[in-house]
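One structure below.
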Amino acid sequence: MSKGYSGIDADEITVDNIRHGDINLDDIRIHPDTLEHQAQLAEDTGNPQLAGNFRRAAELARFTDEEVLRLYEALRPNRSSVQELHVIAQDLASRGARRNAELFLQAADVYARRGLAKK
Amino acid sequence: MTERDNSNGVTGRFRLMNQQPVNLDGFATPAPELGLIAFQGTRDPIPSIIVENGSIVELDGRIKEEFDSIDEFIATHGIDIAIAEESMAIDSLQFARKLVDPYESRDALVRKAAGMTPAKLAEILGHLNAAELVMAMTKLRARRTPSNQAHVCNRSDDPLLLAADTATAVAFGFREIETTVPVLADAPSNAVAVSVGAAVGSAGVLVQCSVEEAAELAMGMRGLVSYAETVSLYGTEQIFIDGDDTPWSKAFLTSGYASRGIKMRVTSGGGAEALMGGAEQCSMFYLESRCVALARAIGAQGVQNGGIDSASVAAAVPGGVRSLMAENVLVMLLNLEACTGNDALMSESDVRRTSRTHPIFIAGSDFICSGFGSIQKYDNMFGPSNWNMEDIDDYLVMQRDWGVDGGLRTASEEKIEQLRRRATEAVSAVYTWLGLGDLTASWAEQAIYAAGSKDIEDADLMLPLNASATIMNTNITMLDVIAALAENGFDVEAERCLDMLKARVTGDYLQTAAIFDENMNVLSLVTDPNDYAGPGTGYKPSPVRQAEIDTIRQQVSVSDLRVEQSRYRSLDFHVSGTAEICHDPRDVVIGVSPATGRDIWRTLSGMLVRDVLDELLAGLEEEGCIGRVVRINDSIDLGIIGLGAARMSGSGIGIGLQAKGTALIHRRELAPLANLDLYSVAPSVTPRLYRLMGINAGRYAKGMTPEPVRNPYSDEAIEARYHTKVVSLVAIERECCSNDAPELLDIVR
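Taken in sequence, the protein lines are chains A and Y.
The first sequence begins at 1 in my numbering and counts up one residue at a time.
The second sequence begins at 1001 in my numbering and counts up one residue at a time.
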């Protein structure tokens, strides 16, 4: 289970390799497969919601830091119109982020009803 | 009739009571319309659920069309629909009883609670009294091993002091360190300094820098911090939106952290909505129940609650402190990590703030304090905590008193001094290597020995800001910090920082209630589940940990005391022969205890025994009497010693003196315990009083009236201060006791 996002073996993440500049942030990023493994552990210990979080995270693990921060910003109140939320959901779905797409679609519905979308 | 102004107290008794710190606290008459009520608010709903076609169409009396965004998220994600109707049908009082029944497993209870609504959960927890909350917390917390979290910050964002104070907090046992900033732009510098300080203290310390949501995530992505906590939830939609988030954005943020392998928990706490004027006529506890249900729904592994910043709002109403603890138990019942408040200072009164924490302390929680202020109160940029630097010894003693693992341990001054030096060296090396700024030697020296930022004159207040700008602009990450540590010979610290980065690759510390022990083992719901099932089960400290709890630096042994006494050894005592009965009516015998002139040289008041004898003899001389000092070897009982002295004396009057300083006057025909004057409070007896005892013994000998003596009582906890010493001194007296005849002592002057 111990491989970084880049595919690096955890044993290769050493101080020496860092000193030589051979390690980058992708090497110390969690791999989606690891998150799926953690999701199973969460299910086994009686928390399907935590498992659901880890599975959404597994989808986001493939996105850049900037994309994740941008998506978060888009979901904050009055940042996106209902239509914009739908567009993002479509994009997410097309990039294999089905669960996050679903989250954006639900948000679009609720934001419309509760006045939380950008006018 | 004129109205009386009673505010300062008319009677002496109320004047004194009004002056007590507790009366600086604010207490509110319950105002349900403002949400100023702990339980059972005017508009708290009756628990209900209706499931149709596999989805919830009514939640706590509200139909789907009227759901606000919080209801909607809980209904869609938070409740186990398969068991919801069955769980909701359980009688709340019966379920409350199961929470305290050791034969009902935690596992079964959390699975049933997963099908309950916020109003149902609030109703159940409302049935538990204080003692029952302790039982429920003992059983329901997720992790078996309790732990604790510290705040480390300072007014000037001084990186040297942050590093030194973090290493110090870790030495005292804290496994999570939370910092924050007075100046937002200083955050990256603080994160680096605290992470380096933590690595100096121990492996496996989790570090957080609390700032605005997006900024905190960005620092996490660079590896500069290892967990996040300042992700706030609120119980009403209006206040939630005021917090610039929705349940959906918070759910996304939660996944954002997990997607980078970073642990996070959310923050809520009763009273927040009332404080912000948006409680919608609901009780604090019901609104908090919505927050906790939402925390579970968004997939957060844990919650920091128990009032937090609004703890004193909850504490202002009847039952409010109980509701704070009930909030924590609710988190545990929903199978989440509980970081149990005891954070913001909730009272000016030491009694009251201790009372607020104590039940949680003895029950044990995943983190007993969600911010023990390990630094000076004025340096705590979260505001003063319920527990602060000056309380660490109190806390350690409380652990020892109750045999409770509150997460802390004692540390020697030598060790702390070494760690603080190492921390300042490490952080200086990193800052220099990475071009973040020059932390001067004199500044570092002041940081090592400072009690707080006010003690540091040489701090460069602009440096943290410049360092932070450099970190952001040149994209410095924890990888660079690790390289800097390694290049400058801080190999151990480099490895420890790297271990924290590797932990996010394996992801095991994302699980509920995860911490690391000092060997980087993850302790969590998965690896260290709470298995309490009655006496003899559940968490038990290892022998090594128990010794840490039991052994505080202040404890003294008989041999310590013997060494202390020997420093005052005097060669002035000489045995000049066997004591005989005398017939001179001016003769008064001073009977001294067996250890006098042998092993005990100083009384509890700090006077030398020979000086006490000088005063007694001088007093007798003033009255024209002649004193003889006789060591009574066969008893340590002061009555017997005094009576023995009286029976040998020509006047029939004797003085008894124990080497620890207790003294009395006796008369030959009295019973042993029916003495004349007694100085029972040895630590408070002054030279003047011993002189007076000599004078009065002389007057008794002459048949005159003695001068009145008032025993020097005070309001000090005199017994707490001296009783352990007394036990040891009595043991030493006992060892010196023999069947030898009374001896006449000469005291050379």
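Cβ atoms here follow ideal geometry from the backbone N, Cα and C, with glycine treated the same way.
Between which residues of its own chain and E102/A is the CB-CB distance below 8 Å, once the five residues before and five after are set aside? Walking along the first sequence from the start, residue 102/A turns up at place 102. Contacts found: A89.
List, in order along the chain, the chain A residues whose C-beta lies closer than 9 Å to that of E1487/Y? As a position in the second sequence, residue 1487/Y is number 487, starting the count at 1. Simply R19.
Where S81/A and D1405/Y are concerned, what is the direct C-alpha to C-alpha distance, given to the nearest angstrom? Position 81 of the first sequence, counting from 1, holds the residue named residue 81/A. Position 405 of the second sequence, counting from 1, holds the residue named residue 1405/Y. Roughly 52 Å separates the two Cα atoms.
Distance between P1021/Y and M1001/Y (C-alpha atoms, nearest Å): On the second sequence, position 1 is the one that residue 1001/Y refers to. On the second sequence, position 21 is the one that residue 1021/Y refers to. With a pLDDT of only 49 at M1001/Y, under 50, the local geometry of the prediction cannot be trusted, and no value is derived from it.
By DSSP, does L1678/Y sit in helix, in strand, or in coil? Position 678 of the second sequence holds residue 1678/Y. If DSSP states are grouped into helix, strand and coil, L1678/Y belongs with the strands.
Could you check whether the Cβ of M1001/Y sits closer than 7 Å to any Cβ belonging to chain A? Here the question's residue 1001/Y lines up with position 1 in the second sequence. Here M1001/Y scores only 49 on pLDDT, less than 50, and its place in the model should not be relied on; the value that follows carries that caveat. So, not an interface residue.
Quick check on Q1632/Y: buried or exposed, where buried means 16 or more other Cβ atoms within 10 Å of its Cβ? Within the second sequence, the letter at position 632 stands for residue 1632/Y. The amino acid occupying residue 1632/Y in the given sequence is Ile; Gln does not appear at that position. When all chains shown are included, I1632/Y counts as buried.
If you follow the beta strand (DSSP E) that A1150/Y is part of, which residue opens it and which one closes it? Position 150 of the second sequence, counted from the first residue, corresponds to residue 1150/Y. First-last of the beta strand (DSSP E) with A1150/Y: 1149 to 1151.
Is it true that the CB of Q1565/Y sits closer than 7 Å to the CB of I1515/Y? The count along the second sequence starts at 1 and reaches residue 1515/Y at position 515. The count along the second sequence starts at 1 and reaches residue 1565/Y at position 565. Not a contact, by the Cβ cut-off of 7 Å.
Within chain Y, partners of A57/A - CB distance below 7 Å: Here residue 57/A refers to the residue found at position 57 of the first sequence. At a C-beta separation below 7 Å, A57/A has these neighbours in chain Y: S1255, A1258, S1259.
Nearest candidate by alpha-carbon position, reference T1179/Y, set A1199/Y, Q1208/Y, T1470/Y, A1316/Y: Residue mapping note: residue 1179/Y aligns to position 179 of the second sequence, counting from 1. Nearest of A1199/Y, Q1208/Y, T1470/Y, A1316/Y to T1179/Y, Cα basis: Q1208/Y.
Using beta-carbon positions only, say whether A107/A and W1387/Y come within less than 7 Å of one another. Taking the first sequence and counting its residues from 1, the one referred to as residue 107/A is at position 107. Taking the second sequence and counting its residues from 1, the one referred to as residue 1387/Y is at position 387. Their beta carbons are not under 7 Å apart, which means A107/A does not touch W1387/Y by this criterion.
At the 7 Å Cβ level, is A107/A part of the contact set with chain Y, yes or no? Translated into positions along the first sequence, residue 107/A becomes position 107. Interface residue, yes.
Cβ atoms of L1419/Y and V1192/Y: under 7 Å apart, would you say? What you label residue 1192/Y is simply residue 192 of the second sequence in a count that begins at 1. What you label residue 1419/Y is simply residue 419 of the second sequence in a count that begins at 1. Using a Cβ distance threshold of 7 Å, V1192/Y and L1419/Y do not count as a contacting pair.
T1029/Y: first and last residue of the uninterrupted alpha helix (DSSP H) it sits in: Residue 1029/Y sits at position 29 when you count from the first residue of the second sequence. For T1029/Y, no alpha helix (DSSP H) segment is defined, and its DSSP state is neither H nor E.
Tell me the rounded alpha-carbon separation between E1615/Y and D1393/Y. Within the second sequence, numbered from 1, the residue matching residue 1615/Y stands at position 615. Within the second sequence, numbered from 1, the residue matching residue 1393/Y stands at position 393. Cα-Cα distance, rounded: 39 Å.
Using Cβ-Cβ distances below 8 Å, what residues of the region 1497 to 1509 of chain Y are close to chain A? Within the region 1497 to 1509 of chain Y, the qualifying residues are L1498, L1501, K1502, R1504, V1505, T1506, G1507, D1508.
Which class does I1636/Y belong to by DSSP, given the choice of helix, strand or coil? Stepping through the second sequence from its first residue, residue 1636/Y is reached at position 636. In the structure shown, I1636/Y sits in coil (DSSP, three-state: anything other than H, G, I, E or B).
Secondary structure at K1415/Y, three-state DSSP: helix, strand or coil? For the purposes of this step, residue 1415/Y is taken as the residue at position 415 of the second sequence. Note: K1415/Y maps to helix in three-state DSSP.
Backbone secondary structure at D1517/Y - three-state DSSP: As a position in the second sequence, residue 1517/Y is number 517, starting the count at 1. The answer is coil: DSSP assigns D1517/Y none of H, G, I, E or B.
Cβ neighbours of P1585/Y in the same chain (closer than 6 Å, five flanking residues each side left out): Counting from 1 along the second sequence, the entry for residue 1585/Y is found at position 585. Once the five neighbours on either side are set aside, the close Cβ partners of P1585/Y are G1650, S1651.
Given this structure, state the Cα-to-Cα distance separating A1198/Y from A1171/Y, to the nearest angstrom. Position 198 of the second sequence, counted from the start, is the residue given in the question as residue 1198/Y. Position 171 of the second sequence, counted from the start, is the residue given in the question as residue 1171/Y. The alpha-carbon atoms of A1198/Y and A1171/Y are separated by roughly 9 Å.
Beta-carbon of I1750/Y versus every beta-carbon of chain A: anything under 7 Å? Outside the displayed span of chain Y (1001 to 1749) sits residue 1750/Y, for which this structure offers no information.
Interface residues of chain Y facing S2/A [CB-CB closer than 9 Å]: In the first sequence, the residue the question calls residue 2/A occupies position 2. Within 9 Å Cβ-Cβ: K1502, V1505, T1506.
Unbroken beta strand (DSSP E) run spanning H1666/Y, endpoints: Along the second sequence, read from residue 1 onward, the residue named residue 1666/Y stands at position 666. Per DSSP, the unbroken beta strand (DSSP E) holding H1666/Y starts and ends at 1663 to 1667.
How about D65/A: is its C-beta nearer than 7 Å to some C-beta of chain Y? Looking up residue 65/A in the first sequence gives position 65. Contact of D65/A with chain Y is assigned, a C-beta pair being separated by under 7 Å.
How big is the Cα-Cα spacing for I1375/Y and A1258/Y? By one-based count along the second sequence, residue 1375/Y stands at place 375. By one-based count along the second sequence, residue 1258/Y stands at place 258. When rounded, the distance between both Cα atoms is 31 Å.
What are the start and end residues of each continuous alpha helix (DSSP H) run of 4 or more residues lying completely inside the region 1146 to 1186 of chain Y, in chain order? With a minimum length of 4 residues, the continuous alpha helix (DSSP H) runs that stay inside the region 1146 to 1186 of chain Y are 1159 to 1171.
Spatial neighbours of G1126/Y within its chain, please: CB distance less than 6 Å, with the 5 preceding and 5 following residues excluded, ordered by chain position. Taking the first residue of the second sequence as position 1, residue 1126/Y is located at position 126. Cβ within range, chain order: F1039.
Leaving out the 5 sequence neighbours to the left and right, which residues in its chain are closer than 6 Å to A10/A when beta-carbon positions are compared? Position 10 of the first sequence holds residue 10/A. The residues are S2.
Any idea what DSSP makes of Y1227/Y, helix, strand or coil? As a first step, residue 1227/Y must be located in the second sequence, where it is residue number 227. In the structure shown, Y1227/Y sits in a strand (DSSP, three-state: E or B).
CB of P32/A within 7 Å of CB of A58/A, strictly: Counting from one through the first sequence, the residue named residue 32/A turns up at place 32. Counting from one through the first sequence, the residue named residue 58/A turns up at place 58. A58/A sits close to P32/A, with the two beta carbons spaced by under 7 Å.
Below 6 Å CB to CB, which residues in the same chain sit around T1076/Y once its five sequence neighbours on both sides are set aside? As a working note, residue 1076/Y is residue 76 in the second sequence. Cβ within range, chain order: n/a, list empty.
Spatial neighbours of R1141/Y within its chain, please: C-beta separation below 7 Å, excluding the five flanking residues on both sides. Here residue 1141/Y refers to the residue found at position 141 when the second sequence is read from its first residue. Leaving aside the five residues that flank R1141/Y on each side, the residues in its chain whose CB is nearer than 7 Å to its CB run, in chain order, M1332, A1338, G1364, S1365, D1366, N1530.
List the residues of chain Y whose Cβ lies closer than 8 Å to the Cβ of G46/A, in chain order. Mapped onto the first sequence, residue 46/A falls at position 46. Correct list: D1107, V1110, R1111, A1114, N1335.
Can A1113/Y and P1045/Y be called in contact, C-beta distance under 7 Å? The residue you call residue 1113/Y lines up with position 113 of the second sequence. The residue you call residue 1045/Y lines up with position 45 of the second sequence. Contact: no.
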